[in-house]
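Let me begin by presenting the structure, written as structure tokens, before commenting on it.
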Ligand code: 4AD
Ligand code: MG
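Residue numbers (the numbering used here): 132 to 566.
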């Protein structure tokens, strides 16, 4: 179990010392309970961690029978004396002078046999998130987003938000969720990129942290239908610049997560986070293809990587690495083509190693009006669907680049989670819309 309750006085919220013999009052939830003759041992859980409580008949007197009846997962307020005891988890326990139930609990439904069924555990996600693994995972997720926020704001990026209801695809029509918007058709956004591109003409550097939606039927371990998207867009930046930024951001996130949630991460991952000091390798799509073909994968130039290709390729790496120069056909229309190599875009994916695969996609955008219109037509799309997006190109749009990073993908890799659905509070997948 990760961490020990940070000793806080229930009234003043001040952090208390761990002094032997001091009296503390704590609030939290009864995580576990064991009865041993005239003693009850509880594990109390709060925002900071866990601590053992001891209810002793001699000490509690008449209140002991009340203490015996406190159900697991009740919210309680307790007062007791701190005793150092090397046998207790964390080396201390609280010998109770009093215990009061603030909010009682019914019989806890998560039994060991329930815990064996992942689907049932997700049906009961509103309760199972209280377990130590989800708790630690979600604290690590919060640290990841905090770190990203710190990175951007300390580097002069402006935080913006973009609409969720939109009228046309960013990343291709196949994964658009359609919905009724009064008497019109609308979609859920796949990416805030186009709105960021409008905003860079005001702020130069912008970022968003908000959900994106994909009607992604593929049942892989890396696809959600709703995920948290960290995206950034930078004016006057080229493709090389944006790879540098992605690398710097990921290095900052990993180092800062270790500071903010190192113990929780170690609990879930089984080890500390990797040291990302060395420069991330940058291999071309062609080089990636060579590696895949040498591993017996049948893939031709021009094809996109699927989940299997990414897994096989990233197994060959111990550090995150970029694959750059994806063929035009594999990328959305907004990508700038490499002026030195027709048919190849100025784009890249940042891949997590050890089989995890893509965690970001980014690249340089087309900033020229005529070039964008002709590419939209060339890719069989209708320029009218992209009116305002094209229009920005008529009014001083500089060269610019950006990227998007999936929070659950990064967390899955860093915590070695079996599935991206473990990396979010209430996951949404093709088969899961509840709770
Ligand atoms: O590669 P994607 O589709 O790129 C874009 O959306 C760009 N418009 C982003 C940009 O340049 N501003 O998505 C970006 C990242 C992926 O690398 C992945 O980490 C994550 O978003 N992602 C998903 N995560 C979970 N489930 C899904 N279905 C995801 N689709 C994308
Ligand atoms: Mg991508």
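Cβ coordinates follow ideal geometry from the N, Cα and C atoms, glycine included.
Keep in mind it's a predicted model, so treat the numbers as computed, not measured.
Check, Outcome
"Residues near residue 352 in its chain [Cβ-Cβ closer than 6 Å; skip 5 each side]", "550"
"Cα-Cα separation between residue 417 and residue 248, rounded to whole angstroms", "42 Å"
"Residue environment, residue 367, which counts as buried when at least 16 other CB atoms sit within 10 Å", "exposed"
"Proximity below 7 Å, CB of residue 306 to CB of residue 347", "yes"
"Exposure of residue 537, with buried meaning 16 or more beta-carbon neighbours within 10 Å", "buried"
"Uninterrupted alpha helix (DSSP H) stretches inside the segment 224-297 (no shorter than 4 residues)", "243-246, 249-254, 256-259, 263-285"
"The alpha helix (DSSP H) enclosing residue 518, as first and last residue numbers", "518-522"
"Beta-carbon proximity check, residue 321 vs residue 289, cutoff 7 Å", "no"
"Length of the line joining the Cα atoms of residue 400 and residue 267", "10 Å"
"Residue 479 Cβ short of 6 Å to the ligand MG heavy atom set", "no"
"With 16 other Cβ atoms within 10 Å as the buried cut-off, status of residue 484", "buried"
"Status (buried if at least 16 other CB within 10 Å, exposed otherwise) for residue 398", "buried"
"Contact between the segment 313-330 and the segment 358-373 (3+ Cβ pairs under 8 Å)", "yes"
"Option nearest residue 244 by Cα separation, candidates 467, 252, 238", "252"
"Segment limits, alpha helix (DSSP H) that includes residue 373", "370-400"
"When 279, 260, 183 are compared against residue 337, the one with the closest alpha-carbon", "279"
"Status (buried if at least 16 other CB within 10 Å, exposed otherwise) for residue 526", "exposed"
"Residue 492: CB within 6 Å of a non-hydrogen atom of the ligand MG", "yes"
"Whether residue 461 touches residue 435 by CB criterion (7 Å)", "yes"
"For residue 155, the residue or residues it bridges with in DSSP", "211"
"Distance cut-off 6 Å: residue 313 Cβ against heavy atoms of the ligand 4AD", "no"
"Whether residue 464 touches residue 512 by CB criterion (7 Å)", "yes"
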